[in-house]
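Q: In our numbering, the protein residues as written are 4 to 334.
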Ligand SMILES: Nc1ncnc2c1ncn2[C@@H]1O[C@H](COP(=O)(O)OP(=O)(O)OP(=O)(O)O)[C@@H](O)[C@H]1O
Ligand SMILES: [Mg+2]
């Protein structure tokens with residue numbers, strides 16, 4: 004079975020260690036080890052172990068699915084204020100250091116334990132700010148949370164919210180937040196500083212923009228909904244300070260370290276053979292300082308070249324050419 008499918012399948016397996024499905028899953032891992040797929044076997048083991056320790060509660064996806072929800076539209080043009088991404092299209096195969104990964108696992112665990120927390124007057128982390136350089140997985144991490152928690156995923160359309168008549172932007176935002184309140188989902192406000200940044204506008208619209216920013220601050224602060232709000236930005240410095248204290252958690256997504264680079268490369272190359280002259284450890288050193296997105300692109304470019312030339316394996320030239328072509332992107 005292909006690696007992506009197998010990984011997806013494993014992510015959906017939960018239960019006690021001696022449950023029949025778990026036993027089958029562990030025997031598949033043994034089989035992969037015997038075939039020499041040790042990276043894949045390690046990855047699957049990690050997924051199963053995480054699932055073993057995960058709190059098992061009512062499946063949230065079912066709750067969400069049973070509720071009807073229609074995306075609100077702007078009054079003038081009837082354009083949707085958010086976009087829904089189907090569960091199967093959510094990007095979730097993230098490579099993260101254990102330290103960063105544990106921060107996301109903590110959000111997931113708290114969310115799953117939200118009822119127990121509520122009995123003690125506590126709330127799960129559900130207003131999250133993700134920051135860091137471009138291409139390090141901020142938007143992807145929001146999708147991963149929705150995938151892992153089985154929650155529907157929505158992305159706010161700031162283009163619709165802002166581009167319709169300015170006077171209506173604030174009410175658009177309010178409508179959107181109101182309609183999402185009772186609906187458990189992950190709502191992504193991607194690059195949300197688009198609104199915050201406009202605080203310095205010197206046009207006639209400045210008063211109105213001010214009002215929108217304040218409305219957004221208020222909405223973030225008052226949000227008591229059932230879902231998780233995720234804001235992302237790659238421009239931490241230009242963010243309004245007042246925004247920071249509205250969040251329960253900030254997570255910086257850093258550039259990948261050597262271990263993560265090797266994992267990103269191996270995952271991307273997994274379907275193809277690598278020429279024995281390619282030393283992934285050596286190659287990963289060259290990629291140090293690049294974003295995950297650029298590393299994945301380099302690996303994909305090398306793989307595509309090999310496939311197009313009908314080669315049975317990726318050559319050293321393929322990876323070096325892909326590196327040379329893409330190295331400027333990160334500078
Ligand atoms: N941690 C990661 N693990 C695996 N792949 C990743 C990771 N981070 C980024 N990628 C790859 O890079 C692509 C872009 O990532 P993403 O859109 O999440 O970056 P971003 O931080 O939101 O960037 P931007 O600030 O430009 O919006 C993903 O589709 C994926 O292929
Ligand atoms: Mg992004």
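Every residue gets a Cβ at the ideal spot worked out from N, C-alpha and C, and that includes glycine.
Heavy atom of ligand 1 less than 7 Å from the Cβ of residue 128, yes or no?
A: Every heavy atom of ligand 1 is 7 Å or more from the Cβ of residue 128, so no.
Q: Can you confirm whether the stretch 312-324 touches the stretch 270-289 when touching is taken to mean that 3 or more C-beta pairs between the two stretches lie within less than 8 Å?
A: As far as the Cβ criterion goes, the stretch 270-289 touches the stretch 312-324, which means the pair count is three or higher.
Q: Could you name the residues that DSSP lists as bridge partners for residue 279?
A: Beta-bridge pairing links residue 279 to no other residue.
Q: With a 10 Å radius around its C-beta and 16 neighbouring C-beta atoms as the bar for buried, classify residue 62 as buried or exposed.
A: In this prediction, residue 62 has a pLDDT of 39, which is less than 50 and means its spatial position is unreliable; nothing more can be read from the coordinates.
Q: Within its chain, find whatever has a CB closer than 7 Å to the CB of residue 214; leave out the 5 residues flanking it on each side and keep chain order.
A: Answer for residue 214: 173, listed in chain order.
Q: Consult DSSP for residue 40 and reduce its assignment to one of helix, strand or coil.
A: Three-state DSSP puts residue 40 in coil, outside helix and strand.
Q: Residues near ligand 2, CB to any non-hydrogen atom under 6 Å, in chain order?
A: Qualifying residues, in the order they occur: 141, 142, 193 and 235.
Q: Any idea which residues DSSP pairs residue 224 with across the strands?
A: The partner list for residue 224 (beta bridge, DSSP) is empty, contrary to what the question assumes.
Q: For residue 157, which residues does DSSP report across the bridge?
A: DSSP, once it has assigned bridges, lists 87 and 190 as partnering residue 157.
Q: DSSP three-state label for residue 74, please.
A: Residue 74 falls in the coil class under three-state DSSP.
Q: Is it buried or exposed for residue 23, if we count other Cβ within 10 angstroms and need 16 for buried?
A: When all chains shown are included, residue 23 counts as exposed.
Q: Contact between the stretch 140-149 and the stretch 176-183: three or more CB pairs below 8 Å?
A: No: the two stretches stay apart, fewer than three of their Cβ pairs being nearer than 8 Å.
Q: By a C-beta neighbour count over all protein chains shown, 10 Å radius and 16 as the cutoff for buried, is residue 270 buried or exposed?
A: Answer is buried; the Cβ neighbour count reaches 16.
Q: Pull up the distance between the alpha-carbon of residue 236 and that of residue 136, whole angstroms please.
A: Each residue's alpha carbon lies about 9 Å from the other.
Q: Taking 8 Å as the threshold, find out whether the stretch 288-303 comes into contact with the stretch 322-331 through three or more Cβ pairs.
A: Contact between the stretch 288-303 and the stretch 322-331 is present, because at least three Cβ pairs lie under 8 Å.
Q: Contact check, residue 84 vs residue 175 under 8 Å by CB: the rounded distance?
A: 6 Å between Cβ atoms; contact.
Q: Note the first and the last residue of the continuous alpha helix (DSSP H) segment covering residue 261.
A: Taken as a continuous stretch (DSSP letters only), the alpha helix (DSSP H) holding residue 261 covers 261-272.
Q: Please report the distance separating the alpha-carbon of residue 60 from that of residue 108.
A: Its pLDDT being 39, under 50, residue 60 is placed unreliably in this model, and the value from its coordinates should be taken loosely. Spanning the two alpha carbons is a distance of roughly 16 Å.
Q: For a quick check, are the C-beta atoms of residue 189 and residue 148 less than 8 Å apart?
A: The answer is yes: Cβ separation under 8 Å.
Q: Is it true that the stretch 49-56 meets the stretch 17-33, where meeting means three or more beta-carbon pairs spaced less than 8 Å apart?
A: A contact exists between the stretch 49-56 and the stretch 17-33.
Q: Looking at residue 252: is its Cβ nearer than 8 Å to the Cβ of residue 131?
A: Yes, the pair counts as a contact, with Cβ atoms nearer than the cut-off.
Q: From the DSSP output, which residues share a beta bridge with residue 234?
A: Residue 234 pairs with 132 and 192.
Q: On a Cα-Cα basis, can you pick out the residue from 134, 193, 34 and 152 that is closest to residue 258?
A: Nearest option by C-alpha distance: 134.
Q: Could you tell me if the beta carbon of residue 159 falls within a distance shorter than 7 Å of some heavy atom in ligand 1?
A: Not under cutoff, so the answer is no.
Q: Can you tell me whether DSSP reads residue 254 as helix, strand or coil?
A: Strand at residue 254.
Q: Please tell me whether, using a cut-off of 7 Å, the distance from the CB of residue 292 to the nearest non-hydrogen atom of ligand 1 is below it.
A: False, no ligand heavy atom lies under 7 Å from that Cβ.
Q: Taking all protein chains shown into account, decide if residue 228 is buried (16 or more other Cβ within 10 angstroms of its Cβ) or exposed.
A: By the neighbour-count rule (16 or more Cβ atoms within 10 Å), residue 228 is buried.
Q: Look at residue 138 and residue 296 and say whether their C-beta atoms are less than 8 Å apart.
A: It is a contact, given that the beta carbons lie within the stated cut-off.
Q: Rounded to a whole number of angstroms, what is the C-alpha to C-alpha distance between residue 265 and residue 187?
A: Straight-line Cα distance between these residues: approximately 36 Å.
Q: On a CA-only basis, which of 274, 312, 255 and 272 is nearest residue 102? Give me that one, please.
A: Comparing Cα-Cα distances from residue 102 to each of 274, 312, 255 and 272, the minimum goes to 255.
Q: Which term fits residue 247, buried or exposed, when burial requires 16 or more other beta carbons within 10 angstroms of its beta carbon?
A: Its Cβ having fewer than 16 others within 10 Å, residue 247 is exposed.
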